[in-house]
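Residue numbers (full-length UniProt numbering): 1 to 292.
Positions of the beta carbon are idealized from the N, C-alpha and C atoms, including for glycine.
The structure presented is a predicted model; accordingly, all values stated were derived computationally and were not measured.
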Ligand code: NAP
C-alpha cells in the first residue's frame with residue numbers, strides 16, 4: 001500500500017519524548033531547590049519482571065532527585081497486615097506517592113488495599129477518587145498510561161482539536177480514561193471507544209485520525225485498519241513465547257500511517273515518565289511543592 005505516498009511513517013519515539021519529559025521535571029525540581037519528594041512502592045511476594053521494572057523506574061526517579069522507598073512484603077502476608085503497612089505509608093508525611101505493585105499474590109484483596117490510598121498519594125490515578133476527578137474535570141492524578149499517550153501527542157504536536165480519535169479497549173487503566181482525556185475541553189477530539197463487541201472493527205478504526213490500540217491482542221491492528229496519514233499509538237504489551245508483543249502490526253501499519261509508535265520504545269517509556277510526573281504532582285497536591 002502506498003497511501004502515505006510511499007513514505008515510511010514518522011516514528012513516535014517514546015524514549016526520546018520520555019527523556020524530554022524527565023529533563024523538564026528535573027529542571028523544575030532543581031529550580032525549586034531540590035525538595036525531598038518520596039515515591040513508595042509496596043511489593044508483595046517475588047516477581048522478577050516487576051522487580052526489574054521497579055529498579056529501572058526508581059533509577060530514573062533517583063536521577064531526577066526524587067527519593068524512592070521499596071517496601072518488600074512476603075507473599076503469605078495476611079490481608080490485615082498488608083493493609084496496616086499501607087496505612088502507615090498513607091500516614092507518613094515524608095511519603096508523597098504510593099504504588100501497590102499489582103497483581104497481588106492469590107488470596108489478597110487488591111481493591112481493599114489500593115482503596116486505602118488517598119487520591120493525593122495515588123500515583124497510578126486508578127482509585128475512585130482520581131477517576132471521579134477526571135470525569136468531573138477536577139485536578140487530580142491521571143492514570144499514567146493514558147497520560148503518557150497525551151504527553152506523546154503533545155511532544156510531537158499532533159493536532160487533536162476536531163479530529164476523530166478511535167480507542168480500541170475500554171479498561172479503566174487505559175481506554176476509558178484516554179477517552180475522557182482526548183474528548184476533554186482543550187483536546188477537543190471526537191472520540192469513539194471500541195471493544196471486543198464492536199462489529200467490523202476495521203471500518204470503525206479507518207475513521208481515525210488518531211488511533212490508540214489498547215486491547216492486549218497481538219497484531220490486531222493491520223494496514224487495513226488505518227486511515228492514510230493517521231497517528232497510531234500501540235499500547236499493547238502481551239507476553240508471548242516470542243517476547244512482548246504489541247497490538248499493532250508495525251511493518252504493515254507504517255506503510256499507511258502518517259506516524260506510529262515503535263513497540264517497545266513507544267507508549268511504555270511514557271508510562272514510566274508519567275509515574276515520575278505524577279509523583280511530583282502528588283507532592284504539589286500535598287503542599288510539599290508550590291502549586292503549578
Ligand atoms: P484489559 O483490561 O484486558 O482490556 C482490554 C480491552 O481491549 C477490553 O476492553 C477488551 O474488550 C478490548 N479487546 C480485547 N480484544 C479485542 C479485540 N480483538 N477487538 C477489540 N477490542 C478488544 O487490558 P488493559 O489493562 O487495558 O491493557 C491493554 C493492553 O495494554 C495489554 O496488552 C497491557 O499489557 C497493555 N498495557 C500497556 C501499558 C503501557 O505502558 N504501554 C500500560 C498498561 C497496559 P472487552 O471490554 O469487550 O473485553
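Beta-carbon gap between residue i and residue j smaller than 8 Å
i: residue 37; j: residue 66; result: yes
i: residue 127; j: residue 115; result: yes
i: residue 160; j: residue 210; result: yes
i: residue 15; j: residue 64; result: no
i: residue 110; j: residue 71; result: no
i: residue 173; j: residue 143; result: yes
i: residue 260; j: residue 208; result: no
i: residue 193; j: residue 179; result: yes
i: residue 145; j: residue 235; result: yes
i: residue 35; j: residue 288; result: yes
i: residue 98; j: residue 121; result: yes
i: residue 273; j: residue 148; result: yes
i: residue 225; j: residue 20; result: no
i: residue 44; j: residue 77; result: yes
i: residue 75; j: residue 105; result: yes
i: residue 150; j: residue 131; result: no
For residue j and residue i, the rounded distance between their alpha carbons
i: residue 213; j: residue 284; result: 32 Å
i: residue 252; j: residue 222; result: 6 Å
i: residue 230; j: residue 163; result: 10 Å
i: residue 218; j: residue 169; result: 13 Å
i: residue 255; j: residue 8; result: 6 Å
i: residue 257; j: residue 202; result: 14 Å
i: residue 56; j: residue 262; result: 20 Å
i: residue 237; j: residue 52; result: 16 Å
i: residue 324; j: residue 60; result: With the chain represented from 1 up to 292, any question about residue 324 goes unanswered, as that position is not in the structure.
i: residue 247; j: residue 176; result: 17 Å
i: residue 10; j: residue 220; result: 21 Å
i: residue 233; j: residue 183; result: 17 Å
i: residue 275; j: residue 54; result: 11 Å
i: residue 94; j: residue 292; result: 20 Å
i: residue 216; j: residue 242; result: 15 Å
i: residue 185; j: residue 46; result: 43 Å
Opposing strand residues paired with residue i [DSSP bridges]
i: residue 245; result: 238
i: residue 67; result: 38
i: residue 257; result: None; residue 257 has no bridge partner.
i: residue 11; result: 260
i: residue 44; result: 73
i: residue 54; result: The partner list for residue 54 (beta bridge, DSSP) is empty, contrary to what the question assumes.
i: residue 142; result: Answer by DSSP bridge pairing: none, since residue 142 is not bridged.
i: residue 99; result: 41
Where residue i falls: helix, strand or coil (DSSP)
i: residue 114; result: helix
i: residue 176; result: helix
i: residue 200; result: coil
i: residue 87; result: helix
i: residue 190; result: strand
i: residue 125; result: coil
i: residue 153; result: helix
i: residue 72; result: strand
i: residue 3; result: Caution is warranted here: a pLDDT of 46 is assigned to residue 3, below 50, making its placement in the model unreliable, and the coordinate value is therefore given only provisionally. Coil, per DSSP.
i: residue 232; result: strand
i: residue 165; result: strand
i: residue 220; result: coil
i: residue 211; result: strand
i: residue 279; result: helix
i: residue 79; result: helix
i: residue 92; result: coil
i: residue 18; result: helix
i: residue 26; result: helix
Integer Cβ distance of residue i from residue j, believed to fall under 8 Å
i: residue 17; j: residue 141; result: Not really, about 20 Å apart at Cβ, beyond 8 Å.
i: residue 96; j: residue 271; result: Actually they do not touch by this definition, with Cβ atoms about 19 Å apart.
i: residue 83; j: residue 112; result: 7 Å
i: residue 12; j: residue 108; result: About 37 Å; that fails the 8 Å criterion.
i: residue 277; j: residue 25; result: 6 Å
i: residue 58; j: residue 68; result: 4 Å
i: residue 244; j: residue 269; result: The pair is not a contact, with the Cβ atoms about 13 Å apart (cut-off 8 Å).
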